[in-house]
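Scroll down for the structure; my scribbles are underneath it.
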Amino acid sequence: MDESFVDGVQGKPGSGLIGNRKFVISKKNLAAQNERGGEENIATGWHAIEFLLWGQDLSETGPGDRSFEDFVDGKAPNADRRRQYLTVVTELLVDDLAGLVKAWAPATKGNYRARFEQGGKESVRKILVGLGSLSRGELAGERLEVALNSQDQEDEHSCFSDNTHRDAVNNAKGIENVWLGRYVRADGSTLQGASLRELVAAKDAALAERGTRQIAASVAAAEAIQAPFDREIVGAKDAPGRQRIQKTIASLTQQSKDLVAAANAVGITKLTLVQP
7 MDESFVDGVQ GKPGSGLIGN RKFVISKKNL AAQNERGGEE NIATGWHAIE FLLWGQDLSE
67 TGPGDRSFED FVDGKAPNAD RRRQYLTVVT ELLVDDLAGL VKAWAPATKG NYRARFEQGG
127 KESVRKILVG LGSLSRGELA GERLEVALNS QDQEDEHSCF SDNTHRDAVN NAKGIENVWL
187 GRYVRADGST LQGASLRELV AAKDAALAER GTRQIAASVA AAEAIQAPFD REIVGAKDAP
247 GRQRIQKTIA SLTQQSKDLV AAANAVGITK LTLVQP
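Heads up, the numbering used here is the position in the sequence shown plus 6, with the first residue counted as 1.
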């Protein structure tokens, strides 16, 4: 994300949509500006909110350190627009999430869930494509490998809040949840249903068990990554932090291969995964 597309940054204090007082801050206008002129021009979504809350991460040992005074009239330029932007972009995120909830609402004729439940093997293929693509192309690739190779904190997933280490864990656990058909709610209760593991085990029990172990290994590897992530990525190839991240990448890469094998076991051969 190019922070200066949204707000002032070091060396460019008046930049961004917030600094452009002719730009009307509204849900419609922010949505229209998102990725306008380049994929780095992020105007909406969680990372725009993250930047507004934490500010630029200029520290090598911690997250961004934006002062609350950036939102107080008389304390910082454009404080009124910064408050307005944060309010509107957060409301827009809630709207988008509400649309997702509606799409997956049970017993709703014609919504995405209804079509998905009637999709048969094609729906199973979509699940496996999602898990495999998140495993290799997204988590191992875009969210870990890119930053590991560049050793630049600007390339970490949550570079403003320094929450990347938890992002990796929750991404890995999300894959495990779908594979096992299990989700532990915030109150500690467990939602359990049919699982891909069971589907694969009916055809190849050994493969299903291998996949389960590999996914668990990826979760454990991600949990071993230490905070702050931007310190883990620096140093020589054999630096402990870099080794922890590389171990996670290797596990996720093998995991994606196992998911392709699982797909083949249940008769799905056309599986195009997102690659780095």
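Just so you know, even glycine gets a beta-carbon here, dropped at the ideal spot from N, CA and C.
As the structure is a prediction and not an experimental result, all values here were calculated from the model.
- Counting only runs of 4 or more residues that sit fully inside the stretch 109-181, the alpha helix (DSSP H) segments are 118-123, 127-139, 152-156, in chain order.
- Taking the C-beta atoms as reference points, L279 is found nearer than 8 Å to S262.
- As summarised for the stretch 50-105, there are no continuous beta strand (DSSP E) elements at least 3 residues long confined to that stretch.
- Following the DSSP letters along the chain, one finds R188 inside the beta strand (DSSP E) bounded by residues 188-190.
- A residue is called buried when at least 16 other Cβ atoms come within 10 angstroms of its Cβ; G241 does not meet this threshold and is exposed.
- Spanning the alpha carbons of D13 and S21 requires a straight line of approximately 6 Å.
- With at least 16 other beta carbons inside 10 angstroms of its own, P69 counts as buried.
- For T259 against A146, the beta-carbon gap comes to about 6 Å, under 8 Å, which counts as contact.
- Y91 counts as buried, since no fewer than 16 other beta carbons sit within 10 angstroms of its beta carbon.
- If you compare the alpha carbons of E9, G80, K28 with that of F57, the shortest gap goes to E9.
- Fewer than three pairs of CB atoms, one per stretch, sit closer than 8 Å, so the stretch 106-115 makes no contact with the stretch 192-212.
- Checking the DSSP bridge columns, you'll see T196 partnered with V190.
- Shown here, V107 sits in a helix according to DSSP, grouped into three states.
- Residue pairing by DSSP puts V15 in a beta bridge opposite K18.
- A211 has its alpha-carbon roughly 57 Å from the corresponding atom of F77.
- For A37 and K243, the gap between their C-alpha atoms comes out near 41 Å.
- Minimum Cα-Cα distance from Q252 among the listed residues W60, A200, L150, H171 corresponds to L150.
- Within the same chain, Cβ atoms closer than 6 Å to the Cβ of V225 are found at A178, K179, E182, the five residues on either side in sequence being excluded.
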